[in-house]
Amino acid sequence: MAPAASRPVANLERYFLGLGNAHMYYNVTMGIRLQFQPHPESYGFGPKKLPRNKDQWLALLVPALAIIVSRHPMMSTFIAGHLTATPTFQAMSSIDLSKIIAVDSVQQPGDIAKFLEKEHDKPFDLGNHEVPLWRIMIVHVVDDDTFYLLYIFHHSLCDGRSSAAFTEQLIVELNHPSKKDSAPLPLSSPWTITCPNTAPLPLALEQRVDCTPRLGTQVHHLLRQVLMPAWLKKTLEPQFWAGDYPATNSNETQLGIMVLTPEETSQVIAAARREHTTVNSILFTSFLFAIKAVFLSSSHNSSKDGKKGATRTTTTTTKDLFSASTVACPRSSQLFSSPVEQSEQVLCIADLWTHGHAIELETGFWKFTREYHAQVVHHVRTPGKLQRLLENYGTLRYMPGSPEGYEKALQQRLVRQQHGREGTMRTSNIGVGWKQQEEGEEGGKVAFKVLHPLFTMSAVTMGPVFTFCVATGEGGSLVVSNTWQRGAVRSRESAERVLREFRRIVGEASQEGKEGYLFRDVLSSC
Numbered sequence: 002m003a004p005a006a007s008r009p010v011a012n013l014e015r016y017f018l019g020l021g022n023a024h025m026y027y028n029v030t031m032g033i034r035l036q037f038q039p040h041p042e043s044y045g046f047g048p049k050k051l052p053r054n055k056d057q058w059l060a061l062l063v064p065a066l067a068i069i070v071s072r073h074p075m076m077s078t079f080i081a082g083h084l085t086a087t088p089t090f091q092a093m094s095s096i097d098l099s100k101i102i103a104v105d106s107v108q109q110p111g112d113i114a115k116f117l118e119k120e121h122d123k124p125f126d127l128g129n130h131e132v133p134l135w136r137i138m139i140v141h142v143v144d145d146d147t148f149y150l151l152y153i154f155h156h157s158l159c160d161g162r163s164s165a166a167f168t169e170q171l172i173v174e175l176n177h178p179s180k181k182d183s184a185p186l187p188l189s190s191p192w193t194i195t196c197p198n199t200a201p202l203p204l205a206l207e208q209r210v211d212c213t214p215r216l217g218t219q220v221h222h223l224l225r226q227v228l229m230p231a232w233l234k235k236t237l238e239p240q241f242w243a244g245d246y247p248a249t250n251s252n253e254t255q256l257g258i259m260v261l262t263p264e265e266t267s268q269v270i271a272a273a274r275r276e277h278t279t280v281n282s283i284l285f286t287s288f289l290f291a292i293k294a295v296f297l298s299s300s301h302n303s304s305k306d307g308k309k310g311a312t313r314t315t316t317t318t319t320k321d322l323f324s325a326s327t328v329a330c331p332r333s334s335q336l337f338s339s340p341v342e343q344s345e346q347v348l349c350i351a352d353l354w355t356h357g358h359a360i361e362l363e364t365g366f367w368k369f370t371r372e373y374h375a376q377v378v379h380h381v382r383t384p385g386k387l388q389r390l391l392e393n394y395g396t397l398r399y400m401p402g403s404p405e406g407y408e409k410a411l412q413q414r415l416v417r418q419q420h421g422r423e424g425t426m427r428t429s430n431i432g433v434g435w436k437q438q439e440e441g442e443e444g445g446k447v448a449f450k451v452l453h454p455l456f457t458m459s460a461v462t463m464g465p466v467f468t469f470c471v472a473t474g475e476g477g478s479l480v481v482s483n484t485w486q487r488g489a490v491r492s493r494e495s496a497e498r499v500l501r502e503f504r505r506i507v508g509e510a511s512q513e514g515k516e517g518y519l520f521r522d523v524l525s526s527c
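Residue 2 is where the sequence shown starts when you use our numbering, and the numbers rise one by one after that.
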């Protein structure tokens, strides 16, 4: 019998494994809100009614998951030696899906935010080798009878784009089963699927592209992360806003969600085309403008020249700078010896940090957006620049190799960051997906209609203050989630207000005739 497939956990994967081991970051969720549209009795496949308990959901999901997991060997792996210096991915021969599928409910759609906060603070039990690096939650919304299908995974397994591809495949399989004529599994049967444990595991990012750091990168890393005292490092670096209060090792995720309507989404897309930029760049500017407006600016009305009834609006803002990053998922480049297939389950990201963002009263929204867009394109599409971004992962090989030494080094990085955080915000936008044909194979509506996606993740203890995750349904709504560490800002209300301001700002700026939209206008219309 051939041995089970395995491979070492690579540098980038090891980084997220270490964050989890150190209780600084746990998981990512790629979810979909769905509406059930029952098939007529004349159909030979598909459920006639929405499952209401775990056994019914297992009966529906197990056949679909068995097919999808068989396509992706990484989905049937665990991490052996997760606390050692040399952890490895090991293939599993079978998975009991009843151990990783759970069913719950919330009253209203908006309650999913509080539900996800709890899920994002649940670490994976990596010492349990009977379960893979993912789980599924089905959350029924009582008020409108919709439901969320949540795919929760350890970030060492894959990235957001790969997880989106998995959920797309799952919905297609539920709507159009590959084996429509097969008999349904009896509810008394075990919910165990067999896995192809001898199939080769996908290559890690560092096996597809050379991430070896240049000498200059090595020296820079050695100075900033090892030799230079923390106080000196923070003194020499440009100061940036990193929250109201310093980070602590005791981390608790808080989460907000904003769902733009299809009309609002279409308006933003139209503005991106009109202004020759991207939706992602528009969102980036809107997020920073919202943060600056909520935390570092003010506006108030006062009498004008002492005359009654005449008022003027006085707006003020600070000189704080921002440090921010955008996560890209490069899938192919001349740098890659093996491109990433569209649906492949891998972790392949590049983190583009930009520092010194200044937002003043006269800062123009569209000028700022175009400049940022040009910067992103230059770094991601230029092979030499992309190579330098990926070199940062090569420096992870210099982390301590002793058992648990990696985790201790990550925790020690807290004191080397301003306020213990590496920046103001991070954005991760996986783009548009989940396209559905309204008509099914038999001429009727699909059983599971995608209302909108939902992309969220745990707050990272030493990460940025805010992490914005964005996903857009094909022809539907753009959905933004924002996670932050509890205690990072003065109140939950202020953090939630950021998303409300974001919605207002992106709506105002994307209107036609707003080419001269300034940050001053943001404050004046508060």
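Cβ atoms here follow ideal geometry from the backbone N, Cα and C, with glycine treated the same way.
Since this is a predicted model, take the numbers as computed values, not measurements.
Excluding residues up to 5 positions away in sequence, Phe79 lie with their Cβ nearer than 6 Å to the Cβ of His130 in the same chain. Assigned with DSSP and collapsed to three states, Arg414 falls in helix. When secondary structure is reduced to three states using DSSP, Tyr152 falls in the strand class. The straight-line gap separating the alpha-carbon atoms of Asp97 and Lys293 is approximately 48 Å. Leu322 sits close to Gln240, with the two beta carbons spaced by under 8 Å. Relative to the Cα of Leu150, the nearest Cα in the group Arg34, Ala23, Arg422 and Ser77 belongs to Arg34. The Cβ-Cβ distance between Gly424 and Ser324 falls below 8 Å. One thing to note: Thr457 has its Cβ no nearer than 8 Å to the Cβ of Ser492. In this structure, the CA atom of Leu284 is about 14 Å from the CA atom of Val433. Between Ala81 and Ala5, the C-beta spacing is not below 8 Å. His453: member of the beta strand (DSSP E) spanning Phe449 to Met458, first to last residue. Per DSSP, the beta-bridge partners of Asp97 are Thr193. Residue pairing by DSSP places Asp126 opposite no residue, since no beta bridge is assigned to it.
In the DSSP secondary-structure assignment, Asn483 is bridged to Gly257 and Phe469. Annotation for Asn22: the continuous alpha helix (DSSP H) segment containing it runs Asn12 to Asn22. For Arg274, the number of other beta carbons within 10 angstroms of its own is below 16, and it is reported as exposed.
For Phe366, the enclosing alpha helix (DSSP H) starts and ends at Phe366 to Arg382. Taking a 10 Å sphere around the C-beta of Asn281, we find 16 or more other C-beta atoms and assign the residue as buried. Rounded to the nearest angstrom, the Cβ distance from Phe154 to Leu134 is 6 Å, consistent with a contact under 8 Å. In this structure Asp160 is buried. Its beta-carbon is surrounded by 16 or more other beta-carbon atoms within 10 angstroms.
The DSSP-derived three-state label of Asn250 is coil.
About 12 Å separates the beta carbons of Leu297 and Thr316, which is beyond the 8 Å limit, so they are not a contact pair. When only Cα atoms are considered, Val328 and Ile431 end up about 9 Å apart. In this structure, the CA atom of Leu206 is about 15 Å from the CA atom of Thr89. Between Thr254 and Asp122, the gap from beta carbon to beta carbon is short of 8 Å. Ranked by how close their Cα comes to the Cα of Glu494, the residues Leu256, Gly21, Gln208 and Met31 have Leu256 in first place.
Here Arg209 is actually not in contact with Ser7; their C-beta atoms are around 18 Å apart, not less than 8 Å.
Using a Cβ distance threshold of 8 Å, Gly421 and Pro247 count as a contacting pair. When DSSP states are grouped into helix, strand and coil, Gly434 belongs to the strand group. A direct Cα-Cα distance of roughly 22 Å separates Arg15 from Ser344.
For Gly508, the uninterrupted alpha helix (DSSP H) run begins and ends at Arg493 to Ala510, by DSSP. Residue burial is scored here from C-beta neighbours: His83 has at least 16 other C-beta atoms within 10 angstroms and is therefore classed as buried. Within the DSSP bridge table, the entry for Pro9 names Thr89 as partners. Taken through DSSP and simplified to helix, strand or coil, Gln36 comes out as strand.
In the three-state reduction of the DSSP assignment, Met138 falls in the strand class, which pools E and B. When DSSP states are grouped into helix, strand and coil, Ser478 belongs to the coil group.
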